[in-house]
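Shown next, in structure tokens, is the structure this report addresses.
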Amino acid sequence: MLVNIYFKNMRSSEKLKSSLENKLQKYDKFLDSETKVSATFKMVKAGVTLDLVIYFNKNLIKAEETGTDGSNAIDLVLDKIDLQLKKYKAKLQLKGTESIRYDACNQTIDTESEEEKQIVKVKHFALKPMSPSEASLQMELVGHNFFVFLNDETEDVNVIYRRKDGNYGLIEPEL
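Structure follows, in structure tokens:
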């Protein structure tokens, strides 16, 4: 497993690095040596945020949590990662495809209680050409977290969304 650890708005800490690397070793049993892990510690007002991304088998698992300190953030993020890996394994088993090497977790998952997510609503609407700033205003007016629109500058379909930090993000797909 290739682990890259970054620090933003805080000093690099060998203690946090070694703690995270030690706790990530439990995943060595079921993720191959080509797996890439990117971890970013950020100092925020509420404490320390850890953003952890694991790239494996052409898949991606991401978790972000804020803890009172770095060690607490590590524990919170790894709890989320454990849950996501369990769900991923259960989904693979339901589909009958090969499983990731997940021998480290011997807990059974009640797949009958977790129903397969389905599309329950489909919306059709006309795309109106507008600028990203106009789209953000429309998104606020309808009270959604994202808004699909036709960018009047590029004439492409774009998505504007509200980020966790309160700012906006713009998705510009390339064909």
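Residue 165 in our numbering sits at position 174 of the sequence shown, with consecutive numbering throughout. Virtual Cβ for every residue (Gly too), placed ideally from N, Cα, C.
{"query": "Nearest by alpha-carbon distance to Ser10: which of Val(-6), Ala81, Met34 and Asn136 is it?", "result": "Val(-6)"}
{"query": "Taking its Cβ as the centre, do 16 or more other Cβ atoms sit within 10 Å of Ser90, making it buried, or is it exposed?", "result": "Low confidence applies to Ser90: its pLDDT is 49, below 50, so where it sits in the model is not reliable, and the reading given next is rough at best. Exposed, since its Cβ has fewer than 16 Cβ neighbours within 10 Å."}
{"query": "If you measure between the beta carbons of Ser127 and Tyr79, is that distance less than 8 Å?", "result": "no"}
{"query": "Within 10 Å of its beta-carbon, does Val39 have 16 or more other beta-carbons around it, so buried, or fewer, so exposed?", "result": "buried"}
{"query": "Could you have a look at Asp60 and say whether DSSP puts it in helix, strand or coil?", "result": "coil"}
{"query": "For the alpha helix (DSSP H) that contains Lys14, what are its first and last residues?", "result": "Glu5 to Leu15"}
{"query": "What are the start and end residues of the beta strand (DSSP E) that includes Ser29?", "result": "Lys27 to Val35"}
{"query": "Considering only DSSP beta bridges, list what Arg153 is partnered with.", "result": "Tyr159"}
{"query": "With C-beta atoms as the reference, is Ile52 less than 8 Å away from Gln75?", "result": "yes"}
{"query": "Along the beta strand (DSSP E) that carries Leu128, what are the first and last residues, could you check?", "result": "Where Leu128 is concerned, there is no enclosing beta strand (DSSP E), although the alpha helix (DSSP H) it sits in stretches over Pro123 to Val133."}
{"query": "Leu22 and Phe47 - do their beta-carbons sit closer together than 8 Å?", "result": "yes"}
{"query": "Note down, in chain order, each residue of its chain lying with its Cβ closer than 8 Å to the Cβ of Glu131, except the 5 sequence neighbours on either side.", "result": "none"}
{"query": "Would you give the residue range spanned by the beta strand (DSSP E) that Phe113 belongs to?", "result": "In the sequence as displayed, the identity of residue 113 is Val instead of Phe. Val113 -> no beta strand (DSSP E), and no H or E assigned at all."}
{"query": "Just reading off the beta strand (DSSP E) that Asp42 is part of, what are its end residues?", "result": "Gly38 to Phe47"}
{"query": "For the beta strand (DSSP E) containing Leu(-7), list its first residue and its last residue.", "result": "Leu(-7) to Lys(-1)"}
{"query": "Name the residue from Leu141, His135, Lys112 and Lys114 whose alpha carbon lies nearest to the alpha carbon of Pro120.", "result": "Leu141"}
{"query": "Note down the Cα distance separating Asn149 from Glu55, rounded to an integer number of angstroms.", "result": "25 Å"}
{"query": "In its own chain, which residues sit with a C-beta less than 8 Å from the C-beta of Ser122, not counting the 5 before and 5 after it?", "result": "Asn142, Asp143 and Glu144"}
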